[in-house]
Every structure is written in C-alpha cells, then in structure tokens.
Amino acid sequence: MTGTTALLVVALIIAAGLYLAVNAKVANAGRALLTLEAQRDELERENSELMTYFAQITSPDRLLERAVSMGFRPASPGEIDYFAVPGLQPDPEFMAPQPPFSQEGHRSGLSPAFTETLGEWLARVIGGAR
Amino acid sequence: MTPEPQARRRVQLVMGVFSLVSLGLLIQLIRVQFGPYAPVFAALDRGGRGLTEEVRPARGLIFDRDGVLLAGNATRYYLEVELRQLDGNEEIVAGVVSALLGVPADDVVAQLTARDKFVGALRIRLTRPDEEGGRWPITVDPTAAGVISAFLADPEAPDLAGLALVPLSQRVYPAGSLAGHVLGFVNQEGRGYFGVEGFYDDWLTGRAVTVQRSIIPPEAGLNQEPPAGVNLVLTIDADIQQMVEGVLQRTIEWSEAAGGQIIVMDPSNGEILALAAWPTLDPNAYGPWLGDQSEEEPVINPAVGGQYEPGSTFKVLVMAAALDAGVVLPDDVFVDTGEIEVGGHTIRNWDGEAWGPQTMVGCLEHSLNVCLAFVASQRLGAETLYDYLARFGVGRLTGVDLAGEVPGQLRTPTHPEWTESDLGTNAFGQGVSVTPIQLLAAVSAIANGGDMVQPHVVRQVVSSEGAYWPSPTTLGRPISARTSQTLTDMLIESLEDEALLIDLAGYRFAGKTGTAQIPSDYGYDPNLTVASFIGWGPMPGPRFLVLVRIDRPRISPWGSVVAAPAFQDVAERLVVLMGIPPDSERIALVGRE
C-alpha cells in the first residue's frame, strides 16, 4: 500500500513536472516572441528615421548649398562637350522598395500540441466522441 | 506508531516552506489586485485579457524618379501619464518634461493634479498651450524619448513613475517645400490632402486592422500585419524641380508679382518633370494653408485648381483648329485695320494699332487679336471652333493624378449666356478659363505630332504584390501630325523673328507669349494681368513643354517681358540637366551611331 502510494505520488510529480516544463517553454517562447516583435518595431522605426535623415542631408537644396560653398557653379550649355560612348548602357531606372507583405495572423507561434490545455483536450475528445 | 521527532521536524520544515511560499503568493495577489498598478490591470481586463487596438500600416513612401525620398515617415511620441501610478512625483515629472521640452512646469503640474477634470480617467495625454489659446498634444522626438526611457529604466534617475511614451507615426518631407504643391500634405489624423497625398490617399494609407494583443507570454502570437500602403515613384525630377522653383522665385521677386506657376512636362508621354507654384507650400508646416481655408479662397494647387483667362497663349489652339480645318494657310495674308466687329462687340489689338498686311505667322508673332478674331468668326465659325476646343479638352478635366483639379470654363453656343461676341473674344483667350495643366495638355497635341497626352505625376506604383508602371494615356488626337508640324514651324519662325525673346545658341524652340487681363465683378482690371509663356523644344523632337504663368506682375504687364525670360532660364538649364546636346552635335552624334 505504501509502495503503491509512493508510486502514484512519483507519477503525479513527474506528470506535474512535465506539464510545468512544457508551460515554461511556452511562456519562454511567448516572451521571446513579444521581445522580438518589440525589437522589430523599434528597428523599423529606426530604419525609417535614418532613411528620412539621409534624405534630409542629401536633399537637392542642401547639396546645392554645399556645392556652392565649395566653389562650384551650375554649368552653362556652352561649357559642355558631348561625345558618344559606344556600348554605354543607361543607368537602370529607379525601383521603389517593396512594402512588407501582408501577413495573416496566427493565434500563437507555437503548435497547438504545446498550447492545448487539459480542458480544451477534454472538450475536443468529448466533442469528437459525439 | 508515532513518527520519529526528526521526521516530524522535516514535515514541519516542508510545511513551513510551503506556507511561506503561499503567503508570498497571497501578498502578490493582493498587491496586484489592490496596489498602485491595479487600474492598469483593470483597464486591460475591461478590454479582454489582451489589448484590442487598431494597427495602421506605415504610410507609403514617395520618391522622385531617381529615388530621392520626398515623403517619408518618422516617429514621434505622445507623453501620457498613468494617473494612479503617480506617487507624489508630479513636480519631478513636470520638471523633467519642462527641462526637455520647454513646456512651463506649472502647466504640467496643473494637468497632473487637476484630477477633477478627469473624473474616471486613468490615463491622460499631456498637452501644451498654443498662441491662440488652444491646446495641442505634446510630442517628443526619438532623442528626447530616449532620455525619458533611460530615466524610466534607471532607479537612480528622477522618479518618472506613471509617465509613458506612446509612439506616433508622423509624415515628414525631407526636402522641405520642394515640390510641396505636387505632394500635398497629411494632417495629424493621417489623412492626405491635395496633390499626390490627397489623390492617392487610400493607396498610400493601406488598410488598418484590429488586433487582439495579448500581453500574457503563453498567449502571445503573431498578429496580423495590416496591408501596407503602396510606395510611389513620381515623374518629378528633384533637380529639375529645384531649378524651376528657383527660376520661379527669382521671377516673382523681380517682377513683384503676386504668384505664379511653372510646369515642365515631357510632351511625348505626359510625364510632369517639375511643377512649381508660388506661394510655396511646405508640407511639414501646412497649418497656414488649412487656416486660410474658406469658401471664398479654398486651399488649392493653382496649377490644377487655379483657373484663369489664358489670353494670347490660347491663340495657338485657335490657329491649330483653323490650319487643321483647312480654312487658313501659313502664308495667307490678312490686312489688319486695327479693329473688327464680332457679334456687335468691337475687338482691338493689344496696342490699339493697325498692323496692315500680315501672314498667319505674323498674326501669331505680333499676337494680333483682330486677326485671330477674324479667323475664328469668318473662317472657322462657331460650330467648328468649339468642336476643336472640345477636342483639345477645354472645359474638361484632364484627369491628372493630383487632387483638386477643376475643369475650367468654356461657354459654347448651346450655353444660354453665349453670344456671338464670345466667338471673337474666345479667339484671343478672353471669356474662357483654363487651368495651367489643361492648357499644357491641349498644347501637347501640337508638340507631339497631334496626340494629346494626359499629364500625370506617378510613374511607378509598388505594392507588396509587385510593381505597376502606368502606361501613358492619350486623351485624343485633335489635330493631324501635319497640322502639328506646320504650326510648330510657324511658332519657331515667329520666335526666331523676335530673337530677343528666346535666344539659346544651338537650340530652337516653338512658343507663344500671353498677356491676359483679369476679370472682376466690374469688368476687366485695367492694370493687372496674367503674364504667360508656353513653349516647347528643342526642335525637332521636343523633350520638354514648359508653361510659365506669372500672376499680377507689377514691373511690367507683358508676357514677353516677364514670362518669356523665365522660359529662357528654364530651357537653358533643362538642356544641361537633361543632357540634350545642341542641334549640330545631336545630328553629328546620331550620324556617328
């Protein structure tokens, strides 16, 4: 009797331990996901800021101002010589970057095998039995 | 059998440990339920276990044709305060906000302590007073936000408990007012107004989605990303735009004019390379434009929404109609007596003089109202003239992809107020209203071998599904290629005869000046005019079509004095920026190829 009770307790402890381990993994994965999402959002914001800053410091007005301060001036038509360069390919046309793909949501980043609760499993089994 | 004392002590120790852990959990539960953070969790609970929020995608970017970013997004932050988390640190929060942002500390303290104003409110957004007595939300840039975040994370830093940063996406225009009228602007609610921002607002905005954000790690999942707005590449060339804006500003200042526009378009496909308007619009500071909004003076892009009587630039359309209908030839001679009566209305020349025998080229060169009224009334007739003007799209929208376009006004014989005298005045651009973009589209038929192209400013649309290149649209073929060539030759000849007007060595241009009186409720203003010039070149194979319109110049009323030099300046720079060699070198280069 004592041996059986001890076996049951050990089995329960093992089951509880497994359950806790799985839940801890899920919680860790969820936390990592939240952190990564926050990092992604922050990086996107930084990227946007840098793109705007780059555009500001290379805007035509700023470049003209710098060129003039360095002693340059716009060329007049008579100061330009034209010549043909055989085989020269024109620069490729600018192509705007593609916006991010629309992404359908998922309830969780983990398989239901990890997230299904005992109650949900029972409901599924009972529902399936019907 | 009684347990041994040692075993009993072990059981008591284990029970003691369990009791302590249970007590700790109980205290934590009570703290969460009733402590300072309780309102935060309660707010989360009211909205479900996660946060339901509307997520808007980043607004699409706008580039010029070479990839210069014209409209982008930046992040600013609202300052919000969780009132129940304040622990007597109101003055510290106010002091930091004041030191960082220059907001009066007293004002911030007043917002934090005036609880009666926010009965039931758990969270408030800090505001600052403006000059007109209103209040605007305080926003901070990423640098200031970084300082606040560092303070919040540092236990040794000033106690900012309760202060929170809420990100806000804001539209920014890195090049300032460059191409402001083309771009339009986006207001604080994220809605686009005028220009490209207004016309493509739905496309640029994307689609907001509502998501349930769980903050409980096991329930965290990948949320649906909202469909992003498209990125646009404009036909605008930032370098040409900058140059054109400079020429316009100098012309306005020199001529002491009230305003003006210069538009540069590729006549072969309708791509607008530059569109400048004065007064300028800085989309980063659009407030004054909204402030001026009224029924009498709505905010408009004058290039597409500012209709005016075109004056003599309209004569090229009348002459095109006459040549195409075969009722006149370039060498036909008209004897100008200085006046002509049409529908009981006497029409005189701009100088009131009689110019004697003139060919049709001379009529255009000297811009003779009497001659054109004769051509319209006695050669073309009302039915034919208005049929041609309809083909040129006068009185109709061009469909340019800029918000705020108006169709102009043209009274035809079917209009109840039309009289025969309109036939005579319309012939020299009076009694008819067009927009600059409309006149440009109509004249593109003459510059483009008879095909009238639709002006447009977007050349590439890039969505998450791929890129789309809108193809040029032809609005019609109002005249034949032969008429187009004949009239262009006539206009080249008339400009060459007036060598002082446009003179650029090695290049030939076709064009026409215009000087239009301004109608008012009491007739035409005797002093104020709209001075204009429309021209294209270099010939043959014109690469650009330019319209210059200067409103109410004070230095001189004439298009030949005010607008033609601006065209000359623009053309001189365009041939350099677009890499167009002079005629002789162009022919030699083609020959070598």
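Just so you know, the protein sequences line up as chains P and U, in that order.
Be aware that the first sequence starts at 1, since it is given in my numbering, and climbs by one per residue.
Be aware that the second sequence starts at 131, since it is given in my numbering, and climbs by one per residue.
A virtual CB, placed ideally from N, CA and C, is assigned to each residue, including glycine.
For a test of the three-state rule: what should DSSP assign to residue i, helix, strand or coil?
i: U/Val458; result: coil
i: U/Ser307; result: coil
i: U/Trp266; result: strand
i: U/Met449; result: helix
i: P/Gln89; result: coil
i: U/Gly606; result: strand
i: U/Thr467; result: coil
i: U/Arg682; result: coil
i: U/Leu156; result: helix
i: U/Ala188; result: coil
i: U/Asn431; result: coil
i: U/Ala201; result: strand
i: U/Thr443; result: helix
i: U/Ser424; result: For U/Ser424, the predicted structure reports a pLDDT of 48, less than 50, and the residue's modelled location is therefore unreliable. The matter cannot be settled from this model.
i: U/Val147; result: helix
i: U/Glu183; result: strand
i: U/Glu715; result: helix
i: U/Ile254; result: strand
i: P/Arg124; result: helix
Give the single residue among the options whose Cα lies nearest to the Cα of residue i.
i: U/Leu605; options: U/Asn578, U/Arg186, U/Thr618; result: U/Asn578
i: U/Asn414; options: U/Ala358, U/Pro304, U/Leu447; result: U/Pro304
i: U/Val458; options: U/Pro409, U/Gly473, U/Val465, U/Arg509; result: U/Arg509
i: U/Leu532; options: U/Pro285, U/Gly292, U/Asp331; result: U/Asp331
i: U/Tyr323; options: U/Arg301, U/Thr340, U/Leu308, U/Ser442; result: U/Arg301
i: U/Val536; options: U/Met620, U/Val564, U/Asn556; result: U/Val564
i: U/Thr544; options: U/Glu513, U/Arg521, U/Phe522; result: U/Glu513
i: P/Glu219; options: U/Pro712, U/Ile717, U/Arg716, U/Ala718; result: Because chain P spans 1 through 130 in this model, residue 219 of chain P falls outside it and cannot be assessed.
i: U/Ala597; options: P/Leu118, P/Ala75, P/Arg124, P/Pro99; result: P/Pro99
i: U/Val446; options: U/Gly376, U/Ala484, U/Asn431, U/Ala575; result: U/Ala575
i: U/Met490; options: U/Gly417, U/Leu411, U/Thr618; result: U/Thr618
i: U/Gly473; options: U/Ser507, U/Arg589, U/Ser152; result: U/Ser507
i: U/Cys493; options: U/Val705, U/Arg521, U/Ser442; result: U/Ser442
i: U/Gly435; options: U/Thr243, U/Val312, U/Asn219; result: U/Val312
i: P/Ala32; options: U/Ser299, U/Pro348, U/Val141, U/Val463; result: U/Pro348
i: U/Val360; options: U/Arg589, U/Glu401, U/Val394; result: U/Arg589
i: U/Arg258; options: U/Gly165, U/Leu231, U/Met620; result: U/Leu231
i: U/Ala764; options: U/Ala387, U/Leu634, U/Arg682, U/Glu386; result: Chain U is shown only over 131 to 723; residue 764 of chain U falls outside these bounds and no answer can be derived.
i: U/Tyr208; options: U/Ile157, U/Ala274, U/Gly197; result: U/Ala274
With residue i as the anchor, note down where its beta strand (DSSP E) starts and where it stops.
i: U/Ser650; result: 640–650
i: U/Val486; result: This sequence places Gly at residue 486 of chain U; Val is not what is there. From DSSP, the beta strand (DSSP E) with U/Gly486 extends over 486–489.
i: U/Ser299; result: 293–302
i: U/Pro259; result: 257–259
i: U/Thr476; result: 475–478
i: U/Ala240; result: Unbroken run through U/Ala240 is the alpha helix (DSSP H), 235–243; no beta strand (DSSP E).
i: U/Arg589; result: 588–593
i: P/Ala160; result: Chain P is shown only over 1 to 130; residue 160 of chain P falls outside these bounds and no answer can be derived.
i: U/Ala597; result: 596–598
First and last residue of the alpha helix (DSSP H) that includes residue i?
i: U/Asp619; result: 611–627
i: U/Pro695; result: 689–707
i: U/Pro656; result: No alpha helix (DSSP H) contains U/Pro656, which is instead part of the beta strand (DSSP E) from 653–667.
i: P/Asp41; result: 2–57
i: U/Ser228; result: 220–231
i: U/Thr555; result: 550–556
i: U/Val505; result: Careful: U/Val505 lies outside any alpha helix (DSSP H) and carries neither H nor E.
i: P/Arg66; result: 60–69
i: U/Ala274; result: 272–283
i: U/Leu519; result: 512–521
i: U/Ser601; result: Here U/Ser601 belongs to no alpha helix (DSSP H), and DSSP marks it neither H nor E.
(message) Along the region 69–82 of chain P, where does the CB come closer than 8 Å to a CB of chain C? Name the residues.
(response) Of the chains in the structure shown, none is chain C; the protein chains are P and U.
(request) Output, in sequence order along the chain, the residues in the region 349–374 of chain U whose CB is closer than 9 Å to any CB in chain P. (result) Glu349, Ala350, Gly351, Leu352, Asn353, Gln354, Glu355, Pro356, Pro357, Ala358, Gly359, Val360, Asn361, Leu362, Val363, Ala368, Asp369, Gln371, Gln372, Met373
(message) Threshold first: 4 residues or longer. Then list the alpha helix (DSSP H) segments lying entirely within the region 317–402 of chain U, N to C.
(response) 325–329, 331–335, 368–385
(request) Name, going along the chain, the residues of the region 26–51 of chain P whose beta-carbon falls closer than 9 Å to a beta-carbon of chain U. (result) Val26, Ala27, Asn28, Ala29, Gly30, Arg31, Ala32, Leu33, Leu34, Glu37, Asp41, Glu44, Arg45, Glu46, Ser48, Glu49, Met51
(request) Give, in chain order, every residue of the region 197–211 of chain U whose Cβ lies closer than 9 Å to some Cβ of chain P. (result) Gly197, Val198, Leu199, Leu200, Gly202, Asn203, Ala204, Thr205
(request) Please list the residues of the region 592–606 of chain U that have a C-beta atom closer than 7 Å to any C-beta atom in chain P, keeping them in chain order. (result) Listed by position, the residues of the region 592–606 of chain U near chain P (Cβ gap below 7 Å) are Val592, Ser593, Ser594, Ala597.
(request) Could you run through the region 624–639 of chain U and flag, in chain order, every residue whose CB is less than 9 Å away from some CB of chain P? (result) Leu634, Ala635, Gly636, Tyr637
(request) Using a Cβ-Cβ cut-off of less than 9 Å, list which residues of the region 674–704 of chain U approach chain P; keep chain order. (result) Glu702, Arg703
(request) Could you run through the region 300–317 of chain U and flag, in chain order, every residue whose CB is less than 8 Å away from some CB of chain P? (result) For chain P, the residues of the region 300–317 of chain U that bring a beta carbon within less than 8 Å of one of its beta carbons are Val302, Pro304, Ala305, Gly306, Leu308, in chain order.
(message) By the 7 Å beta-carbon criterion, what residues does the region 557–590 of chain U contribute toward chain P?
(response) Gln590
(message) By the 7 Å beta-carbon criterion, what residues does the region 84–102 of chain P contribute toward chain U?
(response) Taking a C-beta cut-off of 7 Å against chain U, the contacting residues of the region 84–102 of chain P are Ala84, Phe94, Met95, Ala96, Pro97, Gln98, Pro99, Pro100, Phe101, Ser102, listed in chain order.
(message) Counting only Cβ-Cβ distances shorter than 8 Å, please list the residues of the region 654–673 of chain U near chain P, keeping chain order.
(response) none
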